[in-house]
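Working notes, beginning with the structure itself.
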Amino acid sequence: MSPDSQSSAEAAAAVAPQPAADGAPTVPTLQEGAHPFRFTITARCPHTRARCGCFHTPHGPVHTPRFMPVGTAATVKGVAIPQLADTGAEMVLANTYHLHLQPGEAVVAEAGGLHRFMGWQGPLLTDSGGFQVFSLGAINRIDDDGVVFRSPRDGARITLTPERSMAIQMALGADVAMAFDQCPPYPASEADVAAACRRTHAWLERCVVAHDRPGQALFGIVQGGCYPALRAESARVVAGFDLPGIAVGGVSVGEPVEEMHRIMRQVGPLLPEAKPHYLMGVGSLREMAIAVAQGFDLFDCVLPTRLGRHGTALVGGERWNLRNARFRHDHTPLDPTCPCLACRLHSRAYLHHLIRSEEMLGRTLLSLHNLSTLLRFTRAMGQAIAEGCFAEDFAPWEPASPAAHTW
Ligand SMILES: [Zn+2]
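For the sequence shown, the numbering used here assigns the number 9 to the initial residue and increments by one for each residue that follows.
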């Protein structure tokens, strides 16, 4: 069965209004014995490690491979919920760090959880806050207990520990919570990355103990930087926790792209086959295809919306700056092959005009187009896997690919 055949109807159903329950916080009730987070693999590529499948969550299925739009502050910037559903999005991310600072998890819980608060009834995933603390926060102290940092909003002292991250994520109530990890910067010495790995593994154990919310899955995160022995050890330790999903972090943090490919090729085959594999922070077409060939299933990246807000469109694997004068008299669709709102209704000349005039709509339309492009690309990979032509169409660089032998 093609992953495409189900997704539109299910995405539409996923955003249909849900009956209210007197404003009471909703914790999905589980049928006895039913595991809400089953991952079923529906087809495999005979030449690579690519597979397509379905990750079942209490708020609907996520057909893999699939790109996940990032809704940092419980909004995919500039995109309204029905438009988001129109892109083919299934699981959407939100950031624990940002939501803890504003509006605070108590407000979200009061609304009945993140799905109700933001109006997205499809699957949601929250990150642990760790990546933002290490990359954005003014860190005062980091030790084995956790991290103390100053809020960039008001300078308040905030402590984030594995237990605190779990408590915040349980209050937010996404379908998937991420373990609190330490993501070392690039470059970092082997000793520093080894220390971050030890801490990440100890924190994962504390997350597992602290996490206690029915209807919410916890994913562990493999670290290890660019050091193969540390990556292998981290994959072994994190897989040992037997959680409903496993993520690989610490990629796309500034390392050369060849290094990123090497990590995907090394770590992909080390992940437990039966679990969904989430490659964090990666969302370019070529990198997603290389990762899918190594058995990765889920991806996220802020790039499509960030580029859209700055007037850049992803077309045919290129980045087009719509400010460019060459679009002024171009009355053809942005990408004639794209079914998104921007491409269905508008011309390059109109989008150029909106971006030049700094109209909000221009940023929204380009964000929608960029999201649609990445989602369409991951759906197309799934379809190719199901039809047995993934290696030929998407992975010609893989030694086992039939396409490789035609070169
Ligand atoms: Zn489009």
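The beta-carbon is built from N, C-alpha and C at its ideal position, and this holds for glycine as well.
Fair warning: this is a prediction, and the values are worked out from it, not measured in the lab.
Where the beta strand (DSSP E) containing residue i begins and where it ends
i: N329; result: 326-329
i: T208; result: That residue, T208, is in no beta strand (DSSP E); its alpha helix (DSSP H) goes 198-218.
i: G262; result: Here G262 belongs to no beta strand (DSSP E), and DSSP marks it neither H nor E.
i: A225; result: 225-230
i: H377; result: It is not in any beta strand (DSSP E) - H377 instead sits in the alpha helix (DSSP H) that spans 368-395.
i: P439; result: With the chain running from 9 to 415 in the structure shown, residue 439 is simply not present.
i: A321; result: 320-323
i: C62; result: 59-65
Closer than 8 Å: residue i CB and nearest ligand 1 heavy atom
i: T381; result: yes
i: L376; result: yes
i: P417; result: Look at the range of the chain in this structure, 9 to 415, and you will see that residue 417 is not part of it.
i: L342; result: yes
i: C309; result: no
i: A350; result: yes
i: C191; result: no
i: P312; result: no
i: C205; result: no
i: C53; result: no
i: P111; result: no
Cβ distance (whole Å) where residue i is taken to contact residue j below 8 Å
i: L311; j: T381; result: Not really, about 11 Å apart at Cβ, beyond 8 Å.
i: G289; j: C309; result: 6 Å
i: L279; j: R74; result: About 17 Å separates the two Cβ atoms, so there is no contact after all.
i: L238; j: V201; result: 6 Å
i: E171; j: A218; result: 4 Å
i: M186; j: A255; result: 7 Å
i: F45; j: A225; result: 5 Å
i: R57; j: P277; result: 6 Å
i: L376; j: V87; result: 6 Å
i: L429; j: G223; result: Limits of the chain in this structure are 9 at one end and 415 at the other, which puts residue 429 out of reach.
i: V261; j: H209; result: At roughly 19 Å, the Cβ-Cβ gap does not stay under 8 Å, so V261 and H209 are not in contact.
i: L353; j: D94; result: Not a contact, Cβ separation roughly 12 Å.
i: F385; j: L315; result: Contact doesn't hold; Cβ gap of about 15 Å is too wide.
i: W405; j: A412; result: 7 Å
i: G257; j: V216; result: That pair is no contact at about 17 Å.
i: L342; j: C351; result: 5 Å
i: N332; j: T320; result: With 8 Å as the limit, N332 and T320 do not qualify as a contact, their Cβ atoms being about 10 Å apart.
Continuous alpha helix (DSSP H) stretch holding residue i: start and end
i: L101; result: Note, L101: premise wrong, no alpha helix (DSSP H); beta strand (DSSP E) at 100-102.
i: L251; result: Taken as a continuous stretch (DSSP letters only), L251 belongs to no alpha helix (DSSP H), as it is neither H nor E.
i: F47; result: Not the alpha helix (DSSP H): F47 falls in the beta strand (DSSP E), residues 47-52.
i: E400; result: 398-402
i: A93; result: 89-94
i: P341; result: That residue, P341, is in no alpha helix (DSSP H); it is neither H nor E in DSSP.
i: P236; result: 236-247
i: A350; result: 349-353
i: H43; result: Taken as a continuous stretch (DSSP letters only), H43 belongs to no alpha helix (DSSP H), as it is neither H nor E.
i: R364; result: 356-364
Ligand 2 heavy atom lying under 8 Å from the CB of residue i
i: P347; result: Absent from the structure shown: ligand 2. Ligands present: ligand 1.
contact_flag[the segment 391-408, the segment 78-87] where n(CB pairs < 8 Å) is 3 or more: no
Contact the segment 120-137 vs the segment 172-180: 3+ CB pairs below 8 Å: yes
Cβ pair count under 8 Å reaching 3, the segment 353-365 against the segment 281-300: no
Would you call the segment 93-104 and the segment 124-136 touching, i.e. three or more CB-CB distances under 8 Å? Verdict: yes, contact present.
Fully enclosed by the segment 111-196, which alpha helix (DSSP H) runs are 4 residues long or longer? 113-118, 122-126, 138-144, 170-180
Whole beta strand (DSSP E) runs in the segment 252-318 with 3 or more residues, listed along the chain? Fully enclosed beta strand (DSSP E) runs of no fewer than 3 residues occupy 253-256, 285-287, 306-308 of the segment 252-318, in order along the chain.
Is it a yes or a no for the segment 135-150 touching the segment 189-208, going by three-plus beta-carbon pairs under 8 Å? yes
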